[in-house]
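Asker: Residue numbers (this note's numbering), protein chains in the order written: chain A, 1 to 220; chain B, 1 to 377.
Backbone N, C-alpha and C define an ideal beta-carbon position, used for all residues, glycine too.
These numbers were taken from a predicted model, which means no experiment stands behind them.
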Amino acid sequence: MNEVLIETRDVSKYYKDGNVTALNKVNIKVFKGDFFGIKGPSGSGKSTLLHVLGGLDTPSEGEIYFDGKPLAEVLRDSGFRINNIGFVFQAFYLWRMLNVLENVLLPLVEIRITRKEKLERANGLLKLVGIAHRRYARINSLSMGERQRVAIARALITTPKMILADEPTGSLDSNNAENILELFNRINKDNGVTIVMVTHEKIADDYFSQSVELQDGKIQ
Amino acid sequence: MNLQTIVLRNILNRKSRTTLTVLGVSVSIAAFVALTGITRNLERTLKTTYESRGTDLIVMEKGIVDILSSSISGSYLEKIKSVPGVEDVTPILFGFYTFNLMQYVLIYGWEKGSYLFEEIRITGRPPQNPNEAMVGGLAANRLHKKIGDEIAMKGVKLSVVGTFQSKSLLEDGAVVMLLERLQEIRQTPGKVTAFNIKVRSNGAPGNYKEAGRAIDEVQERIEVLFPDLEVKNVQTFMSSNTPLFIILGFTWAVSVIAFIIVILGIVNTMTTSVLERTEEIGILRAIGWRNIKIIYMVLYESLIIGLLGGIVGIVLGYVIMNVLASRPQLEGFMSRSYDWGFILLVAGISGILGLVSGLYPAMKAISIEPIRVLRHE
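Structural data, given as structure tokens:
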């Protein structure tokens, strides 16, 4: 039986002094190697759940466990996130003043490995996401699909256990969206990286090993 | 790809603002360099005047703030000579005279046979009679005088019989005549400005401790014997030199203001830069950059701005100092030498100012919560 990588227990999140409920007693279990989908309409609390899972936001109630330990506890280690979680966002959040290769290398500033090793990792990932030929290109010269590939390579560079992807296909046309989903699927299957993805895409259902649907902060 | 690359890209990405900030910093640093440099130069010039001649003690009128105003009777000469431990003593009279509206020249009256005539390189000969004078190399250039020429002071004409080179810039820019002649010209017969004293040291050469003790003993004896006179060793004389002290105080006051301007300039630029990069910094924090790394990034940037401003400021400051040193009013009081120790000190101060200025923006940067950036998505 697969081990649980991350688990929420009755997690709730309230905003504006409790007047807005973003998450309402959410319980999920993401197993190691899962391609986990979080679906639901806009404002249903999908992104909030992802942020809470990544430790970017704290739950108002309930608990989260990562690899069997309370997330709040493991987050006290300042190097936890860089070593365990990779993020991919809808808006990519790439640095325009850096080229493709430099953007991918950005998280490695925090990690003590040789320059040679850093370049080997980055070049390998750029090849994996199919953008090695544009390694020295400026971000502004890339298409939306290419930008998301760079963001995925950046998320993978620290060899995290889990990737949290927030609407990674939201800014892409259907063709590019499918290619990116296919890429995530390969990363999940071939590299064994657990993926938790927030998405609207119906087509994504085909790739998920399990998924939940949120409505007004509650799992349906 | 490392932190330095990211910092340099940040700086280069905002060229105009970085350039303007660096210029702002450099103007303040230049003001500090020029003012402090001038003061240090004056201090050094004055110190060399005494130290290069082996003078250990200076005897002057008691209670005056400025040695130029000192006036004491020359009759003390023999009495001071007889104080145990005094190797040599020479009376000296001096003051500033203007040969035209812009040029001030220091005029010395030295006693015939004074030890002050030693340790200078004389071309021609020293003055032997009241109608003769010798001119320092710098003064000769400024006054366009050479051996055989005449100089006129208060209607008295003196023949230039020699020129001399001194280690002291102050002396090099001076005219020297016999003491009695200057007393006559100034209408202060029998009066001198001060006595310069060489103390006999019984210790081995280079035994500074023993020499220092001998100087202290002679100083004490003179103070006891002549309570109406003030005796100072060269070090005390420098530190209690009121005009220099006032200039030093003014210099530091202006420097503090200049440093505050530097700090405010860099804080302003770096805070704006951090606020503009809220998204970038928020994402760095989201992907796992630790706070300390973000702090390093901001401090590194402000350090570079401080150092760049410092380097440009040092160059600018020395340009200002050299321009001032070439002005007729200051020629002869300031050398154009470069003090590498001082240059390194200023570079260090600029770096520290840069780092201090980066603290607030750095704290601002780590207060950026990634979730704030992501909620805008």
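Just the chain B side, please: which residues come within less than 8 Å of K226/A by C-beta, in chain order?
Answerer: Because residue 226/A is not part of the residues shown, which for chain A are 1 to 220, the question remains open.
Asker: Nearest CA to the CA of E369/B: which residue from S82/B, I263/B, G288/B, F96/B?
Answerer: G288/B
Asker: From V356/B, G162/B, M153/B, N207/B, pick the residue whose C-alpha is nearest to that of L182/B; which is it?
Answerer: That would be M153/B, whose Cα lies nearest to the Cα of L182/B.
Asker: Can you find the residues in the same chain that come closer than 6 Å, C-beta to C-beta, to N84/A, ignoring five residues on each side of it along the sequence?
Answerer: P160, K161
Asker: Pull the bridge partners of K218/A from the DSSP assignment, please.
Answerer: Q215/A
Asker: Assuming the contact rule is C-beta atoms closer than 8 Å, T55/B and N196/B should be a hit. Round their C-beta distance to whole Å, please.
Answerer: 4 Å
Asker: Check each candidate in G192/A, V52/A, R135/A, Q220/A and name the one with the smallest Cα separation from K32/A.
Answerer: Cα-wise, what sits closest to K32/A is G192/A.
Asker: Which residues of chain A have a Cβ atom closer than 7 Å to the Cβ of G358/B, listed in chain order?
Answerer: What G358/B touches in chain A: nothing, since even the nearest Cβ is about 18 Å away.
Asker: Checking contacts by CB at 7 Å: is A362/B closer than that to chain A?
Answerer: In terms of beta-carbon proximity, A362/B stays away from the interface with chain A, with every pair separated by 7 Å or more.
Asker: Please give me, in chain order, every unbroken run of the beta strand (DSSP E) with length at least 3 that falls completely inside the region 132-214 of chain A.
Answerer: 162-166, 194-198
Asker: Considering just the uninterrupted stretch of the alpha helix (DSSP H) at W110/B, what are its terminal residues?
Answerer: Where W110/B is concerned, there is no enclosing alpha helix (DSSP H), although the beta strand (DSSP E) it sits in stretches over 104-110.
Asker: Can you tell me where the alpha helix (DSSP H) holding T114/A begins and where it ends?
Answerer: Element bounds for T114/A: n/a, residue is neither H nor E.
Asker: Within 10 Å of its beta-carbon, does V22/B have 16 or more other beta-carbons around it, so buried, or fewer, so exposed?
Answerer: buried
Asker: Buried or exposed for R138/A, please, with buried defined as at least 16 other CB atoms from any protein chain shown within 10 angstroms of its CB.
Answerer: It is exposed - the Cβ of R138/A has fewer than 16 other Cβ atoms within 10 Å.
Asker: Does DSSP put P243/B in a helix, in a strand, or in coil?
Answerer: Here P243/B sits in helix by DSSP.
Asker: Within 10 Å of its beta-carbon, does K46/A have 16 or more other beta-carbons around it, so buried, or fewer, so exposed?
Answerer: Its Cβ being crowded by 16 or more others within 10 Å, K46/A is buried.
Asker: Tell me P91/B's beta-bridge partners as DSSP assigns them.
Answerer: F195/B
Asker: Check I311/B in the structure and name its three-state DSSP category.
Answerer: In the three-state reduction of the DSSP assignment, I311/B falls in the helix class, which pools H, G and I.
Asker: Output yes if chain A places a C-beta closer than 7 Å to the C-beta of A365/B; else output no.
Answerer: no
Asker: Using a Cβ-Cβ distance under 7 Å, would D57/A count as near chain B?
Answerer: yes
Asker: At a cut of 8 Å, does the region 334-348 of chain B reach the region 30-50 of chain B through at least three beta carbon pairs?
Answerer: yes
Asker: Assuming K16/A and T199/A make a contact with CB atoms under 8 Å, what is their CB distance in whole Å?
Answerer: Wrong, their Cβ atoms sit about 27 Å apart, outside the cutoff.
Asker: Residues in the same chain with beta-carbon distance under 7 Å from V104/A, minus the five sequence neighbours each way, listed in chain order, please.
Answerer: A122, L125, L126, V150, A153, R154, I157
Asker: Verify whether the separation of the beta carbon atoms of T194/A and L5/A is less than 7 Å.
Answerer: yes
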